[in-house]
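Participant: Taking my numbering, the leading residue of the sequence shown gets 312, the next gets one more, and so forth.
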Amino acid sequence: MENVKSEMVRVERQMSEKLKEKVDLEIARVAHEMKHKLKIATVAMVVVGAIVGIWTSLRV
C-alpha cells in the first residue's frame, strides 16, 4: 500500500511539472504573438500618421 501511495505522489508531481511546462510555453507563445501584433499596430499607426500629415499639408 505504501508503494502505491508513493507512486501516486510521484505521478502527480510529474504531471504537475508537465502541466507547468505546457503553461509556461503557452505564456511565452502568447507573449511573442502579442509583441508581434504590437509591432504591426505601431507601424500601421506611423503609416496612418504620415498619410494624415501629407493629406493635411496638401489641403492647406
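Beta carbons: idealized from backbone N, C-alpha and C, even for Gly. Note that this is a predicted model, so its numbers are computed, not measured.
Tell me the rounded alpha-carbon separation between alanine 361 and valine 341.
Facilitator: Within the sequence shown, the letter at position 50 stands for residue 361. Within the sequence shown, the letter at position 30 stands for residue 341. Approximately 30 angstroms, taken between the alpha carbons.
Participant: Reducing DSSP to helix, strand and coil, say where valine 372 ends up.
Facilitator: Outside the shown range of the chain (312 to 371) lies residue 372, about which nothing can therefore be said.
Participant: Give the straight-line distance between the Cα atoms of histidine 343 and valine 359, rounded to the nearest whole angstrom.
Facilitator: Walking along the sequence shown from the start, residue 343 turns up at place 32. Walking along the sequence shown from the start, residue 359 turns up at place 48. Their Cα atoms are separated by approximately 25 angstroms.
Participant: Does DSSP put valine 363 in a helix, in a strand, or in coil?
Facilitator: Counted from its first residue, the sequence shown places residue 363 at position 52. It is helical.
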